[in-house]
Amino acid sequence: MFFKEFEIRWSDIDANRHLANSAYINFMSHTRMAYLGLIGFNQESMSAHNIGPVVFYEHVYYFKEAFPGKPVRVSLEFVGMSKDGMFFEFRHNFYDHNGKNFARCEMMGAWIDLKKRKLTGLPKDFLETFGAMEKSEDFKILTRADTRKHVQVPKDL
Numbered sequence: 028m029f030f031k032e033f034e035i036r037w038s039d040i041d042a043n044r045h046l047a048n049s050a051y052i053n054f055m056s057h058t059r060m061a062y063l064g065l066i067g068f069n070q071e072s073m074s075a076h077n078i079g080p081v082v083f084y085e086h087v088y089y090f091k092e093a094f095p096g097k098p099v100r101v102s103l104e105f106v107g108m109s110k111d112g113m114f115f116e117f118r119h120n121f122y123d124h125n126g127k128n129f130a131r132c133e134m135m136g137a138w139i140d141l142k143k144r145k146l147t148g149l150p151k152d153f154l155e156t157f158g159a160m161e162k163s164e165d166f167k168i169l170t171r172a173d174t175r176k177h178v179q180v181p182k183d184l
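This is the structure we're talking about:
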């Protein structure tokens, strides 16, 4: 399992003086991109293939508050991917300096072709790299139906 450690900065806290919701999102994004960079998915390689990641949703579950003064660790687990690599799902857990789990997030996303502005599967070399990643115990092959499990439909004014 991959971990990234963070210091809670002044800019990471909210009016209640605990870790702000936006900081959770930023810490998770940074953790994902740090891991992807380690395995070769960086700005340069994604640009070469003209792809980028998009987030469908991030569901955060808060168990306990986190405050400045002690480092926090954010984990990354690979919990799902479609056969063509278009869709992916990660789980993050947040741990305090004592290893206590104070939050969890389930996130799902996809890859987008940045010229066509349409979802796309992964190129073969990226697909092989993702296929070789360590997977969670509950890893599953995702289908388009999995992306619709939290169906929300826009309603214009």
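Using our numbering, read the sequence shown as starting at 28 and increasing by one per residue.
Positions of the beta carbon are idealized from the N, C-alpha and C atoms, including for glycine.
Since residue i contacts residue j with CB under 8 Å, what's their CB separation in whole angstroms?
| i | j | result |
| --- | --- | --- |
| F117 | R59 | 6 Å |
| K97 | H57 | Going by Cβ atoms, the distance from K97 to H57 rounds to 18 Å, so no, they are not a contact pair. |
| M55 | V99 | So it is not a contact: roughly 11 Å between Cβ atoms. |
| T147 | G67 | That pair is no contact at about 18 Å. |
| L141 | N77 | 5 Å |
| I168 | K110 | 6 Å |
| G107 | F29 | Contact doesn't hold; Cβ gap of about 16 Å is too wide. |
| V87 | Y51 | 6 Å |
| L103 | H119 | 6 Å |
| F83 | T174 | 6 Å |
Once DSSP output is grouped into helix, strand and coil, what is the label at residue i?
| i | result |
| --- | --- |
| H86 | strand |
| E71 | helix |
Kindly indicate the opening and closing residues of the alpha helix (DSSP H) around residue i.
| i | result |
| --- | --- |
| G158 | K151 to G158 |
| G64 | N48 to L65 |
Please report the residue range of the beta strand (DSSP E) in which residue i lies.
| i | result |
| --- | --- |
| E133 | N128 to D140 |
| K182 | Unbroken run through K182: none, as it is neither H nor E. |
| F30 | F29 to F33 |
| I168 | K167 to L169 |
**Report entry** Length at least 3, wholly inside the segment 95 to 125: the beta strand (DSSP E) runs in chain order
**Finding:** 99 to 109 and 114 to 122
Requested in this report: Kindly confirm or deny that the segment 85 to 105 and the segment 127 to 144 touch, where touching means at least three C-beta pairs closer than 8 Å.
Outcome: Contact between the segment 85 to 105 and the segment 127 to 144 is present, with at least three C-beta pairs closer than 8 Å.
Query raised in the report: Does the segment 108 to 125 touch the segment 133 to 145, meaning 3 or more C-beta pairs lie closer than 8 Å?
Result: yes
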